[in-house]
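See below for the structure under consideration.
Shown next as structure tokens:
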């Protein structure tokens with residue numbers, strides 16, 4: 001009876017336990033030497049521990065807030081009112097008159113020192129050190145500077161900061177350089193098509209809430225590097241896990257509003273992201289949110305089409321995946337983006353995950369949510385929301401995709417319309433469907449062939 005009761009209780013899944021981008025669960029008590037736990041068991045189980053949570057939270061606070069590296073002179077000139085390194089809760093987000101606010105994110109170049117993080121927690125089996133071979137193609141270095149410190153690492157490869165020093169210009173310009181990693185035994189043509197597909201989509205997008213992708217170059221090792229604008233505020237995931245229980249209400253609402261505006265732009269132009277999560281949302285120092293990483297994005301509508309192409313299959317990171325993706329059925333890829341936005345919003349408000357996976361038979365929290373929804377009630381995590389917030393978020397996190405709210409309906413929602421969003425697109429950027437040119441399958445194939453035929457032959 002006691003076990004049954006415990007299973008029915010709502011379990012809090014701290015966001016800092018789950019590094020969804022790598023599907024890495026930070027479970028101190030389960031990572032001791034000699035553990036016989038299988039990888040499958042490890043990747044599919046989250047153990048809640050208040051003691052461990054406090055320890056991780058303290059370590060993260062120490063990691064992300066004690067290194068107060070200075071910005072370049074060019075970056076400092078963009079905001080003279082904020083001193084470099086100010087990241088306390090009092091200065092990170094400041095409310096102003098008439099409901100307005102200011103974001104003051106850290107000037108520190110966030111290199112996400114996860115090596116030190118694992119070491120301080122005593123976790124064995126730290127990730128292997130990043131191979132210190134810098135992308136040093138002459139054309140890359142000449143155009144954008146030499147890539148140096150690592151700010152991201154995943155299955156795709158690594159992301160470094162490139163420092164471009166212009167003669168007779170004070171300071172330096174910074175760029176983010178994403179080095180595409182060729183998968184083991186991946187055919188060269190598939191590798192080229194994969195990276196050019198991502199580049200074709202991302203480089204065609206131009207919106208204040210979407211990362212600006214500038215170039216695609218090859219290094220001397222045969223790897224291709226995507227050059228993007230650099231945002232010194234870090235990613236939303238890092239901000240959430242160091243916030244101490246969730247973001248400020250207006251702060252989270254502003255980020256949510258920017259996210260929705262960015263997603264609306266994607267959908268208006270025939271693109272679905274398919275992997276929205278806090279790790280893929282990066283921030284400028286003054287709080288402008290930008291959607292990044294279009295490795296799983298797809299074009300669901302061409303310019304001459306009026307109806308979207310349906311798709312199927314699982315894509316993304318489990319806590320943010322919509323329930324329809326786990327079924328062998330066709331679905332609208334726009335609706336899974338909307339679902340992910342709701343999960344991200346709740347993560348910002350509570351600094352925790354609603355559930356591990358949206359499968360009723362596998363997750364007690366998701367089952368409890370479904371049962372509560374049938375009774376028109378709300379589970380514990382939603383109690384912190386106002387009536388207007390709960391009403392909209394419940395429509396976004398609607399298990400039935402046919403009943404789920406659309407992006408256009410979110411924009412016109414009364415509570416959403418009341419949000420003060422400090423970064424908005426000021427000019428029209430909708431092209432009806434960018435997929436008509438840059439994102440078509442033919443364009444991807446043509447660009448993949450044109451990039452470097454010689455390098456393809458050398459990599460086989």
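In full-length UniProt numbering, the protein residues as written are 1 to 460.
Just so it is clear, CB atoms sit at the ideal spot from N, CA and C, and this is done for glycine as well.
All of these numbers come straight from a predicted model, not from anything done at the bench.
Residue 390 versus residue 196: straight-line alpha-carbon distance, rounded: Looking up residue 390 in the chain shown gives position 390. Looking up residue 196 in the chain shown gives position 196. Per the coordinates, the alpha-carbon of residue 390 lies some 40 Å from the alpha-carbon of residue 196.
Inter-residue CB distance, residue 229 and residue 176 (contact presumed, cutoff 8 Å): Counted from its first residue, the chain shown places residue 229 at position 229. Counted from its first residue, the chain shown places residue 176 at position 176. About 7 Å separates the beta carbons of residue 229 and residue 176, which is inside the 8 Å limit, making them a contact pair.
Under the rule that 16 or more other beta-carbon atoms within 10 Å means buried, what is residue 318, buried or exposed? The residue given as residue 318 occupies position 318 in the chain shown. With 16 or more other Cβ atoms from the protein chains shown falling within 10 Å of its own Cβ, residue 318 counts as buried.
Supposed close pair residue 284, residue 252 - CB separation, criterion 8 Å: The residue you call residue 284 lines up with position 284 of the chain shown. The residue you call residue 252 lines up with position 252 of the chain shown. Rounded, the Cβ-Cβ distance is 17 Å, inconsistent with contact.
Measuring alpha carbon to alpha carbon, tell me which of 181, 217, 208 ends up nearest residue 140. As a working mapping, residue 140 is identified with position 140 in the chain shown. Of the candidates 181, 217, 208, the one whose C-alpha sits nearest the C-alpha of residue 140 is 217.
Determine, using beta carbons only, whether residue 424 and residue 286 come nearer to each other than 8 Å. Residue mapping note: residue 424 aligns to position 424 of the chain shown, counting from 1. Residue mapping note: residue 286 aligns to position 286 of the chain shown, counting from 1. No; because the gap between Cβ atoms is not below 8 Å, this pair is not in contact.
Measure how close the beta-carbons of residue 344 and residue 276 come, nearest whole angstrom, since I'm counting them as under 8 Å. Here residue 344 refers to the residue found at position 344 of the chain shown. Here residue 276 refers to the residue found at position 276 of the chain shown. The beta-carbon separation of residue 344 and residue 276, rounded to 7 Å, stays under the 8 Å limit for a contact.
In the DSSP assignment, find the unbroken alpha helix (DSSP H) run with residue 258 in it and report its ends. Looking up residue 258 in the chain shown gives position 258. Unbroken alpha helix (DSSP H) run through residue 258: 249-268.
Would you please state the rounded distance, in angstroms, between the beta carbons of residue 278 and residue 224? I believe it to be under 8 Å. Within the chain shown, the letter at position 278 stands for residue 278. Within the chain shown, the letter at position 224 stands for residue 224. Contact between residue 278 and residue 224 does not hold, since their C-beta atoms are separated by about 26 Å, which reaches or exceeds 8 Å.
Under the assumption that residue 331 contacts residue 401 (Cβ atoms under 8 Å), give the Cβ distance between them as a whole number of angstroms. Reading the chain shown from its first residue, position 331 is the one you call residue 331. Reading the chain shown from its first residue, position 401 is the one you call residue 401. Rounded, the Cβ-Cβ distance is 6 Å, consistent with contact.
Residue nearest to residue 101 in terms of C-alpha spacing, selected from 205, 207, 353, 250: Counting from 1 along the chain shown, the entry for residue 101 is found at position 101. Checked all of 205, 207, 353, 250; the closest Cα to residue 101 is 250.
Alpha-carbon to alpha-carbon, residue 357 and residue 324: If you number the chain shown from 1, residue 324 lands on position 324. If you number the chain shown from 1, residue 357 lands on position 357. Answer to the nearest angstrom: the Cα atoms are 12 Å apart.
How far does the beta strand (DSSP E) with residue 213 in it reach, from first residue to last? Mapped onto the chain shown, residue 213 falls at position 213. Per DSSP, residue 213 belongs to the beta strand (DSSP E) from 213-218.
Within the continuous beta strand (DSSP E) that includes residue 173, where are the two ends? Taking the chain shown and counting its residues from 1, the one referred to as residue 173 is at position 173. Run containing residue 173: 173-180, per the beta strand (DSSP E) assignment.
Just to confirm, are residue 333 and residue 311 a CB contact at a threshold of 8 Å? Position 333 of the chain shown holds residue 333. Position 311 of the chain shown holds residue 311. It is a contact, given that the beta carbons lie within the stated cut-off.
Are the beta-carbon atoms of residue 421 and residue 254 separated by less than 8 Å? If you number the chain shown from 1, residue 421 lands on position 421. If you number the chain shown from 1, residue 254 lands on position 254. Taking 8 Å as the cut-off, the beta carbon of residue 421 is found closer than this to the beta carbon of residue 254.
Going by Cα to Cα distance, which pick from 173, 292, 185 is closest to residue 204? To locate residue 204, count along the chain shown from 1; it is residue 204. The candidate whose alpha carbon is nearest that of residue 204 is 292.
State buried or exposed for residue 33, treating a residue as buried only when at least 16 other CB atoms are found within 10 Å of its CB. As a working mapping, residue 33 is identified with position 33 in the chain shown. The predicted model places residue 33 with a pLDDT of 36, which falls under 50 and marks its position as unreliable; any figure quoted below should be read in that light. Burial call: exposed.
Which listed residue (362, 385, 294) has its alpha carbon closest to that of residue 350: Locating residue 350 in the chain shown gives position 350, counting from the first residue. Of the candidates 362, 385, 294, the one whose C-alpha sits nearest the C-alpha of residue 350 is 385.
Apply the 10 Å Cβ neighbour rule to residue 339 and answer buried if 16 or more other Cβ atoms are within range, or exposed otherwise. Counting from one through the chain shown, the residue named residue 339 turns up at place 339. Taking all protein chains shown into account, residue 339 has 16 or more neighbouring C-beta atoms within 10 Å of its C-beta and is therefore buried.
Three-state secondary structure assigned by DSSP to residue 339: In the chain shown, the residue the question calls residue 339 occupies position 339. If DSSP states are grouped into helix, strand and coil, residue 339 belongs with the helices.
Starting from the N-terminal side, write out each stretch of the beta strand (DSSP E) that is 3 residues or longer and does not extend beyond the stretch 267-320. Scanning the stretch 267-320 for uninterrupted beta strand (DSSP E) segments of 3 residues or longer gives 281-283, 289-291, listed from N- to C-terminal end.
What does the alpha-carbon distance come out to for the pair residue 415 and residue 212? For the purposes of this step, residue 415 is taken as residue 415 along the chain shown, with counting starting at 1. For the purposes of this step, residue 212 is taken as residue 212 along the chain shown, with counting starting at 1. Roughly 30 Å between the two C-alpha positions.
Span separating the alpha-carbon of residue 180 from that of residue 156: For the purposes of this step, residue 180 is identified with residue 180 of the chain shown, where counting begins at 1. For the purposes of this step, residue 156 is identified with residue 156 of the chain shown, where counting begins at 1. Cα atoms of residue 180 and residue 156: separation of roughly 6 Å, rounded to the nearest angstrom.
Less than 8 Å between the C-beta atoms of residue 161 and residue 174, yes or no? Position 161 of the chain shown, counted from the first residue, corresponds to residue 161. Position 174 of the chain shown, counted from the first residue, corresponds to residue 174. The Cβ atoms of residue 161 and residue 174 lie closer than 8 Å to each other.
Among 329, 242, 183, 210, which residue has its Cα nearest to the Cα of residue 259? By 1-based counting over the chain shown, the position of residue 259 is 259. It is 210 whose Cα lies nearest to the Cα of residue 259.
In this structure, how does DSSP classify residue 353 when only helix, strand and coil are distinguished? In the chain shown, residue 353 corresponds to position 353, counting from 1. Three-state result, residue 353: strand.
Should residue 346 and residue 256 be called a contact, given that it needs their Cβ atoms to be closer than 8 Å? For this step, residue 346 is matched to residue 346 along the chain shown. For this step, residue 256 is matched to residue 256 along the chain shown. Not a contact, by the Cβ cut-off of 8 Å.
From which residue to which residue does the beta strand (DSSP E) around residue 94 run? Locating residue 94 in the chain shown gives position 94, counting from the first residue. Here the beta strand (DSSP E) through residue 94 covers 93-95.
How many angstroms separate the CA atom of residue 202 from the CA atom of residue 313? Locating residue 202 in the chain shown gives position 202, where the first residue counts as 1. Locating residue 313 in the chain shown gives position 313, where the first residue counts as 1. Cα to Cα, residue 202 sits roughly 22 Å from residue 313.
What does residue 546 pair with, by DSSP beta-bridge criteria? With the chain running from 1 to 460 in the structure shown, residue 546 is simply not present.
Between 272, 163, 280, which lies nearest to residue 509 when the distance is taken from Cα to Cα? Only positions 1 to 460 of the chain appear in the structure, and residue 509 is not among them; the question remains open.
Alpha-carbon spacing of residue 187 relative to residue 337, whole angstroms: Within the chain shown, numbered from 1, the residue matching residue 187 stands at position 187. Within the chain shown, numbered from 1, the residue matching residue 337 stands at position 337. Cα atoms of residue 187 and residue 337: separation of roughly 30 Å, rounded to the nearest angstrom.
With a threshold of 6 Å on Cβ separation, who are the neighbours of residue 397 within its own chain once the five nearest residues in sequence on each side are excluded? Position 397 of the chain shown holds residue 397. The answer, listed in chain order, is 342.
Would you tell me roughly how many angstroms separate the C-alpha atoms of residue 355 and residue 235, rounded to the nearest one? Sequence index remark: in the chain shown, residue 355 carries index 355 (1-based). Sequence index remark: in the chain shown, residue 235 carries index 235 (1-based). Between residue 355 and residue 235, the C-alpha separation is close to 21 Å.
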